[in-house]
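Here's the structure, in structure tokens; my notes come after.
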Amino acid sequence: MASLALEKVTKSFGKTDVIKGVDLDVREGEFIVFVGPSGCGKSTLLRIIAGLEDQTSGHVRIGDQVVDAVPPAKRGIAMVFQSYALYPHLNVRGNMGLALKQEGIPKAEIEARIKKAADILALDALLDRRPSELSGGQRQRVAIGRAIVRQPKLFLFDEPLSNLDAALRVNTRIEIAKLHRLLGATLVYVTHDQTEAMTLADRIVVLNGGRIEQVGSPMELYKNPANLFVAGFIGSPK
Ligand code: ADP
Ligand code: MG
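Note that the sequence shown covers residues 1 to 238 in the UniProt record's numbering.
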């Protein structure tokens, strides 16, 4: 599983500077959570890592490779969004296997990967169902399964739980933690939910107005926030 580095990354939309020089090193197998208020640049940063958005300046490295010129499909990443966009005409198995089929991966290998992902996500009994026959939480687990079967070097999650009700949010959060443990995957996860950040992260990156305010373990940020903004968002006041 790859490490990830952001080096002096900036992004402007027209005259608006949205990302203002972000440096970050993510270790192999690390669970990194981006938190920060709405509009602070979390999704933009994730989309830059994925290659769905070009940075204005700076570099993105995945493993040993600078990927600035590498298209999204070749970056070895899989992304899970808040809206899970499953194909309604395909059953769960079909949704999970589609990308692999398009890559020309042999059928037996596809089946084996789907089985493994279904095991992790407790989807075994649902493989023949269509999305319309699933609950919101089950659909989101299929979307996560679709990412797992691609065996990416890096998982990117953009607020994957925000469309779920409270109980499902907790369940799915536990699935995601389990997924990280079982796969040893490097994972960058965006949320504006403090509980999600505190329970899932190895390290939390606190973003504000396109800049990093602080990076640290949940306990470090809680005990020793760098400033009032971080304290307000995560920890106790200094
Ligand atoms: P977050 O995910 O933290 O809520 P975003 O990364 O979506 O924030 O957005 C950061 C800022 O960039 C916001 O002010 C948003 O309006 C702006 N922005 C995002 N995408 C575009 C775009 N394609 N064109 C212009 N402005 C954008
Ligand atoms: Mg966002």
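Here a beta-carbon is modelled for each residue, glycine too, at the ideal position from N, C-alpha and C.
Report the rounded CA-to-CA distance for residue i versus residue j, giving the unit in angstroms.
{"i": "S43", "j": "E175", "result": "22 Å"}
{"i": "S162", "j": "V70", "result": "30 Å"}
{"i": "A226", "j": "R203", "result": "15 Å"}
{"i": "E107", "j": "S57", "result": "With the sequence shown as reference, residue 107 is identified as Lys, and Glu is not the correct amino acid for it. Near 42 Å, if we compare the C-alpha coordinates of S57 and K107."}
{"i": "R47", "j": "L156", "result": "9 Å"}
Using a threshold of 7 Å, is the CB atom of residue i nearer than that to any non-hydrogen atom of the ligand MG?
{"i": "V60", "result": "no"}
{"i": "V205", "result": "no"}
{"i": "D158", "result": "yes"}
{"i": "S43", "result": "yes"}
{"i": "V80", "result": "no"}
{"i": "V190", "result": "yes"}
Around the Cβ of residue i, are there at least 16 other Cβ atoms within 10 angstroms (buried) or fewer (exposed)?
{"i": "Y189", "result": "buried"}
{"i": "R146", "result": "buried"}
{"i": "G36", "result": "buried"}
{"i": "L228", "result": "exposed"}
{"i": "P237", "result": "Here P237 scores only 45 on pLDDT, less than 50, and its place in the model is too uncertain to base an answer on."}
{"i": "D23", "result": "exposed"}
{"i": "F13", "result": "exposed"}
{"i": "R93", "result": "buried"}
With residue i and residue j assumed to form a contact (beta carbons below 8 Å), what rounded beta-carbon distance in angstroms separates them?
{"i": "residue 239", "j": "L200", "result": "Past the edges of the chain, shown from 1 to 238, lies residue 239, and the structure says nothing about it."}
{"i": "E159", "j": "R173", "result": "Actually they are not in contact, since the Cβ atoms of E159 and R173 sit about 12 Å apart, beyond 8 Å."}
Using a Cβ-based criterion (distance less than 7 Å to any ligand heavy atom), does residue i qualify as near the ligand ADP?
{"i": "V18", "result": "yes"}
Which residues bound the beta strand (DSSP E) around residue i?
{"i": "K11", "result": "L4 to F13"}
{"i": "L24", "result": "T16 to V26"}
{"i": "S57", "result": "S57 to I62"}
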